[in-house]
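Enquirer: Have a look at this one before I ask anything.
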Amino acid sequence: MDPLWEYLLVGAIVFVAAVAFIGFKIRGHRRRKNALDSCSGMCENCPEHGPSCSETKKDD
Amino acid sequence: MTDTYRIALAGNPNSGKTTVFNELTGAKQLVANYPGVTVERKDGGYRYEGAKIVVTDLPGTYSLTAYSPEERIARRVILDEKPSVVVCIADASNLERNLYLLVQLMEMGANLVLALNMSDDAHKRGQRLDVRRMSELLGFPVIETIGRVGKGIEELREAIHYAHEHPVTDHSTGSEDMLDRFVDELMEKLPEKLPESAPPRRWLALKALEDDQEIVEWIQRRLIGAEDFLMAAREVSKSIEGLVGEPGEVAIGDKRYGYVSGLIQEVVIRRIDQNDRTTSDIVDRVLCHRLLGLPFFLASMYFVFWLTFTVGELPMGWLETLFGHLAEWIDGFWAGSEGFSPLRSLLVDGIIGGVGGVIVFLPNIVLLFLGIAFLEDSGYMARAAFLVDSFMHKIGLHGKSFIPMLTGFGCTIPGIMATRTLESERDRLTTILVLPLMSCGARLPIYMLLIPAFFSESWRAPVMWMIYMIGIVLAVVLAKLLRSSLLAGASTPFVMELPPYRLPTLKSVMLKMWQRAWMYLRKAGTVILAISIVLWALTTFPRKDVYDVDRLMAQGKSIPEAQAESMRNEEALLHSVAGRIGKAMEVVISPMGFDWRIGTAMIGAAAAKEVFVAQIGIVFSLGETDEESEDLHSALQRRYTPLVAFCIMLFMLIATPCVATFAVTRQESGKWKWAILQWGGLTVLGYFITAVVFQVGTLFGL
Chain A
375 MDPLWEYLLV GAIVFVAAVA FIGFKIRGHR RRKNALDSCS GMCENCPEHG PSCSETKKDD
Chain B
22 MTDTYRIALA GNPNSGKTTV FNELTGAKQL VANYPGVTVE RKDGGYRYEG AKIVVTDLPG
82 TYSLTAYSPE ERIARRVILD EKPSVVVCIA DASNLERNLY LLVQLMEMGA NLVLALNMSD
142 DAHKRGQRLD VRRMSELLGF PVIETIGRVG KGIEELREAI HYAHEHPVTD HSTGSEDMLD
202 RFVDELMEKL PEKLPESAPP RRWLALKALE DDQEIVEWIQ RRLIGAEDFL MAAREVSKSI
262 EGLVGEPGEV AIGDKRYGYV SGLIQEVVIR RIDQNDRTTS DIVDRVLCHR LLGLPFFLAS
322 MYFVFWLTFT VGELPMGWLE TLFGHLAEWI DGFWAGSEGF SPLRSLLVDG IIGGVGGVIV
382 FLPNIVLLFL GIAFLEDSGY MARAAFLVDS FMHKIGLHGK SFIPMLTGFG CTIPGIMATR
442 TLESERDRLT TILVLPLMSC GARLPIYMLL IPAFFSESWR APVMWMIYMI GIVLAVVLAK
502 LLRSSLLAGA STPFVMELPP YRLPTLKSVM LKMWQRAWMY LRKAGTVILA ISIVLWALTT
562 FPRKDVYDVD RLMAQGKSIP EAQAESMRNE EALLHSVAGR IGKAMEVVIS PMGFDWRIGT
622 AMIGAAAAKE VFVAQIGIVF SLGETDEESE DLHSALQRRY TPLVAFCIML FMLIATPCVA
682 TFAVTRQESG KWKWAILQWG GLTVLGYFIT AVVFQVGTLF GL
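Sequence order for the protein chains is A and B. Each residue of the first sequence is one higher than the one before, starting from 375 at the first, in the numbering used here. Each residue of the second sequence is one higher than the one before, starting from 22 at the first, in the numbering used here.
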């Protein structure tokens, strides 16, 4: 592959990864916040572990 | 049209509700053999004879007062959502305590089915019940079930459907007596027309007599003439006290127990022999022994860690080989090409070195949680909480705080959430603040990378055990400090409940292992992948055009090519953004024995602890040449001593709780100051302890 194209491709991947990382963090924070707002205790099913409390909330 | 209706599962903690829920719905909710697994509600569903049934698993409660969040949630679901059928799951070998809740559900006018769960345990202990007679007396279906093996579940489905089609909501809870007459009298004082959403009249009267604050507030908000009614309730309560010598609340409780006793008398053909020790009692004599109990707990944890290392080694080797082959295969595309290829480096050094380096520890994660799931489901973890109860009292907490701490071994976040079950705000804050010291699953890959690299086989399990124990001991010491300074105050009284020992079901243990493995893989494929790519870029760029080593060679200095290549890589790393940050950090971290490479690996670990392993993988795969390629373990051994490895683990255990922990602590404590105190305090403590350990260790020539 042409080195220039390789650099452009790698640059794009790094950019997407950086945006995705911030996105994952924001999504994780939102899910945790929803879970904390809706569940109230021994929460083995928190967003870190499985079906989230926010999903439970959706069914309410 | 399809008939759709909602049912709710209510029951005491540890009565097997979640197991029955899973059997009914085919769902995969977590169960554990200690009370309090279900605090929030969970929904699932199944189909029966063409009807769609939505099932809500309510939190385990002993009663339906408004004292705890569990009770309030259970009660609100039953009253507000009015499920068509409420299935009361009762532990058949603890009828008296379990049926107390049933009586309260009857008072609420719920359309009921009673499931006598774990009936095999009761049978084994000699209990025989006349289930048909019980059903006749209660006026609704009674089914014997063994949720663990799915026995009686089909009959339960049939009974639920029958109850839905033939609802019974007007229950009699005993013979008319003086108390009933008082309740009737109070019911008369209620307005003739109640709001549509109002609970049954009799229940409202009973709750007013019990001075249930939530219901009193509801009455004040929703009823016309509320104050007159509440005044009447207070007078009636006084009259009851005058006659029976006990407040209305106690008299009502006594009447419920009286009804339960009578019912049991009628239906029990043979009682459980109270003198006959159960297997659980016999086992407890050893496992909960004052002197033997704690060593046994420590030994069982040691065994789990030993299992994690020895059994995990083989599949871990397979994964390492797999990723090695993958890297070679990708390398093959650039065979023969000269110079630096950013794409090859990204794929091989960044993604395989980073994400692959984290995934290889999957077998160890699965094994650790297999051990913990077994201990939980067997009922032993509840004993662990009981064992530390008296000790916890001494530090101003109680055994109940230990359950969230145990949850923290998996992940700190649910551990912090679990503190919501603690009534005292001081207990809760103390537990939240020290919880990150319980070594979570994210730190495990760090231990799994460093321990086998620096310690001989016989030392691996003891070192890991020591790391976990240091976390527990530090948590206890810090809790004591907090309870005698910032959060001083008396501890709340609490009686620990000991569930019977049970053989964990394969399904539950496998489910826990799968959920843990899936969580790990999901994190590796999302957050770790993304941050590995970013960290790779930070560790690779800017590139250096001219290397010092080449300049030296041009000046005529003879350096073997392999060594020159290694020096070039080192220069390139130091020239990169991450290398510069690491170098800048070196001044601060060197008292702990850490160099700039470890510094760069710690940058990403703030987001998630596993990133440390990913970044170490990237740093060392970039730093090595093909000619002298060696595995990560050898590369680490070459640069660091076992003392440095131990210090890394110590620092990662104590310092810098992850970003998610910081956010959840802020949210749960309601104040930034607690989150900052936790993060800053633990980081300073981690720094201080690690520096002392390194300096003292160096003095002793370790």
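Every residue gets a Cβ at the ideal spot worked out from N, C-alpha and C, and that includes glycine. Note that the structure is predicted; figures quoted are calculated from it, not measured.
(1) Spell out a yes or no on whether the segment 66–84 of chain B and the segment 140–160 of chain B are touching, meaning 3 or more CB-CB pairs, one atom from each, closer than 8 angstroms.
(2) Along chain A, which residues have their Cβ under 7 angstroms away from the Cβ of P363 (chain B)?
(3) Helix, strand or coil, according to DSSP, for I710 (chain B) in the structure here?
(4) Leaving out five residues on either side along the sequence, give the residues of the same chain with a beta carbon under 6 angstroms from the beta carbon of T25 (chain B).
(5) Please name the residues in the segment 553–577 of chain B whose beta-carbon is closer than 7 angstroms to at least one beta-carbon of chain A, in chain order.
(6) Out of curiosity, what's the CA-to-CA distance linking Q125 (chain B) and E334 (chain B)?
(7) Please work out which residues of its chain come closer than 7 angstroms, Cβ to Cβ, to E607 (chain B), disregarding the five sequence neighbours upstream and downstream, and give them in chain order.
(8) Check whether the Cβ of V548 (chain B) lies closer than 8 angstroms to any Cβ atom in chain A.
(9) Quick check on T40 (chain B) - is its C-beta less than 8 angstroms from some C-beta in chain A?
(10) If you scan the segment 383–434 of chain B from start to end, which runs of the alpha helix (DSSP H) of 4 or more residues do you find wholly inside it?
(11) Please list, in chain order, all residues of the same chain as Y278 (chain B) whose beta carbon is under 7 angstroms from its beta carbon, the five residues on each side excluded.
(12) Do you know offhand how far Y489 (chain B)'s Cα is from G429 (chain B)'s?
(13) DSSP has G66 (chain B) in a bridge; who is on the other side?
(14) Quick one: what's got a C-beta closer than 7 angstroms to L315 (chain B)'s C-beta in the same chain, skipping five residues either side?
(15) Decide yes or no for the touch test of the segment 688–696 of chain B against the segment 585–597 of chain B: beta carbon pairs closer than 8 angstroms, at least 3 of them.
(16) Along the chain, where does the alpha helix (DSSP H) containing I491 (chain B) start, and where does it finish?
(17) Express the C-alpha separation of M613 (chain B) and A605 (chain B) in angstroms, rounding to a whole number.
(18) N138 (chain B) bridges to which residues according to DSSP?
(19) For G345 (chain A), which beta-bridge partners are listed by DSSP?
(20) Would V376 (chain B) and A348 (chain B) be called neighbours here (beta carbons separated by less than 8 angstroms)?
(21) Considering only the alpha carbon of each residue, which of B:A131, B:V304, B:L443, B:V498 lies closest to E102 (chain B)?
(22) How is the beta strand (DSSP E) around L30 (chain B) delimited, first residue to last?
(23) Considering only the alpha carbon of each residue, which of B:K565, B:P581, B:Q576 lies closest to G805 (chain B)?
(24) Could you check whether T86 (chain B) and D233 (chain B) sit closer than 8 angstroms to each other, using their CB atoms as the reference points?
(25) Contact criterion: CB-CB distance below 8 angstroms. Does L367 (chain B) meet it with respect to chain A?
(26) Could you work out which residue in B:R243, B:F330, B:V134, B:S358 is closest to F390 (chain B) when comparing CA atoms only?
(27) So if I threshold CB-CB distances at 8 angstroms, which residues from the segment 653–687 of chain B count as touching chain A?
(28) Throw me the rounded Cβ distance for the I639 (chain B) and S505 (chain B) pair, which I believe falls under 8 angstroms.
(29) Hey, does I400 (chain A) have any beta-carbon neighbour from chain B nearer than 8 angstroms?
(30) Would F389 (chain A) be called buried (16 or more neighbouring beta carbons within 10 Å of its own) or exposed?
(31) Would A551 (chain B) pass as an interface residue toward chain A - the criterion being a Cβ-Cβ separation below 8 angstroms?
(32) Determine the direct distance from the alpha carbon of A95 (chain B) to that of I273 (chain B), and round the result to whole angstroms.
(33) Measure how close the beta-carbons of G392 (chain B) and L471 (chain B) come, nearest whole angstrom, since I'm counting them as under 8 angstroms.
(34) Considering Cα atoms alone, identify which of B:F250, B:L215, B:V108, B:S140 is closest to H185 (chain B).
(35) Going by the beta-carbon positions, is the gap between L135 (chain B) and V163 (chain B) smaller than 8 angstroms?
(36) At the level of alpha carbons, what is the spacing between K694 (chain B) and V498 (chain B)?
Expert: On the basis of the data shown:
(1) Here the segment 66–84 of chain B does not lie against the segment 140–160 of chain B, with fewer than 3 beta-carbon pairs under 8 angstroms apart.
(2) Those are E380, Y381, V384, listed as they occur along chain A.
(3) Reduced to three states, the DSSP call for I710 (chain B) is helix.
(4) Correct list, in chain order: K73.
(5) Listed by position along the chain: I554, V555, A558.
(6) If you draw a straight line from the Cα of Q125 (chain B) to the Cα of E334 (chain B), it is about 54 angstroms long.
(7) The residues are D616, W617, G620.
(8) At least one CB of chain A lies nearer than 8 angstroms to the CB of V548 (chain B).
(9) Using a Cβ-Cβ cut-off of 8 angstroms, T40 (chain B) does not count as an interface residue toward chain A, since no Cβ of chain A sits closer than that to its own.
(10) Taking only runs of at least 4 residues, the alpha helix (DSSP H) segments lying wholly in the segment 383–434 of chain B are 383–399, 401–415, 423–428.
(11) Contacts found: Y121.
(12) Roughly 12 angstroms between the two C-alpha positions.
(13) DSSP, once it has assigned bridges, lists B:V75 as partnering G66 (chain B).
(14) So the list reads L408, once near-sequence residues are dropped.
(15) Short answer: they don't touch.
(16) Looking at the DSSP string, the run of the alpha helix (DSSP H) that includes I491 (chain B) is 478–504.
(17) If I take the Cα positions, the gap works out to 15 angstroms.
(18) Answer is B:D112.
(19) No answer is possible for residue 345 (chain A): it lies beyond the span of chain A, which begins at 375 and ends at 434.
(20) For V376 (chain B) and A348 (chain B), no; Cβs fall outside 8 angstroms.
(21) From the listed residues B:A131, B:V304, B:L443, B:V498, the smallest Cα separation to E102 (chain B) is found for B:A131.
(22) Here the beta strand (DSSP E) through L30 (chain B) covers 25–32.
(23) Outside the shown range of chain B (22 to 723) lies residue 805 (chain B), about which nothing can therefore be said.
(24) Yes, the Cβ-Cβ distance between D233 (chain B) and T86 (chain B) is below 8 angstroms.
(25) So yes, L367 (chain B) belongs to the interface.
(26) Checked all of B:R243, B:F330, B:V134, B:S358; the closest Cα to F390 (chain B) is B:F330.
(27) Residues V680, A681, A684, V685.
(28) Actually they do not touch by this definition, with Cβ atoms about 45 angstroms apart.
(29) It does not; no Cβ of chain B falls within 8 angstroms.
(30) So F389 (chain A) counts as exposed.
(31) The beta carbon of A551 (chain B) sits closer than 8 angstroms to some beta carbon of chain A.
(32) One C-alpha to the other measures close to 20 angstroms.
(33) With a beta-carbon spacing of about 20 angstroms, G392 (chain B) and L471 (chain B) fall beyond the 8 angstroms limit used to define contacts.
(34) Per the Cα distances, B:V108.
(35) Result yes, Cβ atoms of L135 (chain B) and V163 (chain B) sit closer than 8 angstroms.
(36) Going by the C-alpha atoms only, they are around 21 angstroms apart.
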